[in-house]
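Q: All the letters of the sequence shown, read from the start, carry residue numbers 1 to 265 under this note's numbering.
My structure is below; once you've seen it, I'll send some questions.
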Amino acid sequence: MLVLLPPSEGKAAGAAGAPLETGALSLPALTAAREAVLAELVELCAADETKAQEVLGLSDGLKGEIAKNAGLRTAGTRPAGEIYTGVLYDALGLASLDAAARKRAERSLLVFSGLWGAVRIGDRIPSYRCSMGVKLPGLGALGAYWRAPMAEVMPAAAGEGLVLDLRSAAYATAWRPKGEVAGRTATVRVLQSKTVAGVEKRTVVSHFNKATKGRLVRDLLSAGLEPADPAELVEALRGLGHAVEAEPAAKGGKAWAVDVIVTEL
Numbered sequence: 001m002l003v004l005l006p007p008s009e010g011k012a013a014g015a016a017g018a019p020l021e022t023g024a025l026s027l028p029a030l031t032a033a034r035e036a037v038l039a040e041l042v043e044l045c046a047a048d049e050t051k052a053q054e055v056l057g058l059s060d061g062l063k064g065e066i067a068k069n070a071g072l073r074t075a076g077t078r079p080a081g082e083i084y085t086g087v088l089y090d091a092l093g094l095a096s097l098d099a100a101a102r103k104r105a106e107r108s109l110l111v112f113s114g115l116w117g118a119v120r121i122g123d124r125i126p127s128y129r130c131s132m133g134v135k136l137p138g139l140g141a142l143g144a145y146w147r148a149p150m151a152e153v154m155p156a157a158a159g160e161g162l163v164l165d166l167r168s169a170a171y172a173t174a175w176r177p178k179g180e181v182a183g184r185t186a187t188v189r190v191l192q193s194k195t196v197a198g199v200e201k202r203t204v205v206s207h208f209n210k211a212t213k214g215r216l217v218r219d220l221l222s223a224g225l226e227p228a229d230p231a232e233l234v235e236a237l238r239g240l241g242h243a244v245e246a247e248p249a250a251k252g253g254k255a256w257a258v259d260v261i262v263t264e265l
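Written out as structure tokens, the structure reads:
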């Protein structure tokens, strides 16, 4: 099973550890592409704070992120699973998983990133600010930039089992499963159910979405479940107590659509 996650906008502070080694990150075939994004981001943030703020879409209160980006090559690193924070990662609770579940997480979780393309949770990275929606002056929109490099590495990274896609729309632009891989991919949507005047209404709510996705992954990892395909995923989630509705792909080479229904956080 391979689980595709979005990163978090907010990130934990870096550490006093060793600086970044891009060649030591997972999916080493992405090293050249990572170096290109890193070089432009560092140069932009070191040379022109005003332009960097505009390109990165930062408020005045987040100007400190620019200096952080300018020092990425010498900043201390820590595992990506500790860098990424926020609602999804709080619900996932990597630090509190038992040893066996943690090993499964290190093997199966892949976090997409505007700067790195994608990393595993054990990869050591510095704290940074660069979303997939950023358009760097020399490289263009990062979602489009990453498509070719990710298309080269992701079919092999996907292995032969389930691909559980929990990414947000911006990060899904960097790689979309095709062909046989798409056929064993499940994309998940979280819907909040409310009954108003006797009529059920379902809506997408960001906080519910992120927290529930974190819990889904934690439940699968803690239970030691690694579904082989979308149909097995649906049965596994129902067995774990989640309310799930699924729509198999209408034709081959398309991902399953899986809805998880929640009533409260």
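Using N, Cα and C, we set each Cβ at its ideal position, and we do this for glycine too.
Specify whether the segment 137–157 and the segment 166–178 touch according to this definition: at least 3 beta carbon pairs, one from each stretch, less than 8 Å apart.
A: Yes, since at least three Cβ pairs between the segment 137–157 and the segment 166–178 fall closer than 8 Å, the two stretches touch.
Q: For the structure I just gave you, are there three or more beta carbon pairs, one from the segment 34–45 and one from the segment 3–13, closer than 8 Å?
A: They do not touch, by the three-pair rule.
Q: Measuring only the C-alpha atoms, how far is Ala249 from Ala15?
A: Whole-angstrom Cα-Cα distance: 44 Å.
Q: Distance, Cα to Cα, Leu139 vs Glu54?
A: So the two alpha carbons sit approximately 16 Å from each other.
Q: Which term fits Ala80, buried or exposed, when burial requires 16 or more other beta carbons within 10 angstroms of its beta carbon?
A: Looking at its Cβ environment, which holds 16 or more other Cβ atoms inside 10 Å, Ala80 is buried.
Q: Identify every run of the alpha helix (DSSP H) within the segment 122–156, keeping only runs that are complete inside it and at least 4 residues long; order them along the chain.
A: You should have 142–145.
Q: Alpha helix (DSSP H) containing Leu233: first to last residue?
A: Residues Pro230 to Gly239.
Q: Give the C-beta separation of Asp165 and Ala186 to the nearest angstrom, bearing in mind that I take them to be a contact with Cβ-Cβ under 8 Å.
A: Confirmed, Cβ separation roughly 7 Å.
Q: Can you tell me where the alpha helix (DSSP H) with Ser222 in it begins and where it stops?
A: Element bounds for Ser222: Ser206 to Ala223.
Q: Closer than 8 Å is the cut-off here; do at least three beta carbon pairs connect the segment 127–143 with the segment 54–65?
A: In short, these stretches touch, since the Cβ pair count reaches three.
Q: Can you list, in chain order, the residues of its chain with a C-beta nearer than 7 Å to that of Leu240? Leave out the 5 residues immediately preceding and following it.
A: If we look at Leu240 and ignore the five residues flanking it on each side, its Cβ neighbours are Asp219 and Ala223.
Q: Return the bridge partner residues of Leu164 from the DSSP annotation.
A: Partner(s): Val3 and Ala186.
Q: How long is the line joining the alpha carbons of Arg184 and Pro230, rounded to whole angstroms?
A: When rounded, the distance between both Cα atoms is 6 Å.
Q: So Ser108 is in the alpha helix (DSSP H); what residue range does that whole segment cover?
A: Where Ser108 is concerned, the enclosing alpha helix (DSSP H) stretches over Ala99 to Ser108.
Q: Comparing alpha-carbon positions, which option in Leu142, Arg102 and Ala257 lies nearest Arg189?
A: Checked all of Leu142, Arg102 and Ala257; the closest Cα to Arg189 is Ala257.
Q: Sorted by chain position, which residues of the same chain lie with C-beta nearer than 8 Å to Pro179's C-beta, five sequence neighbours on each side aside?
A: Going by the sequence as given, residue 179 is Gly instead of Pro. These residues qualify, in order along the chain: Gly253.
Q: One question on the structure: do Leu225 and Ala236 come within less than 7 Å of each other, judged by their Cβ atoms?
A: A contact, by the Cβ cut-off of 7 Å.
Q: If distances are taken between C-alpha atoms only, which option among Thr22, Lys194 and Leu221 comes closest to Gly117?
A: Checked all of Thr22, Lys194 and Leu221; the closest Cα to Gly117 is Thr22.
Q: My guess is that Arg120 and Leu110 are in contact by the Cβ rule of under 8 Å, so how many angstroms apart are they, rounded?
A: Their Cβ separation, rounded to whole angstroms, is 6 Å, which keeps Arg120 and Leu110 in contact under 8 Å.
Q: Closest by CA to Tyr128, which one among Ala141, Arg104, Thr85 and Ser168?
A: The candidate whose alpha carbon is nearest that of Tyr128 is Thr85.
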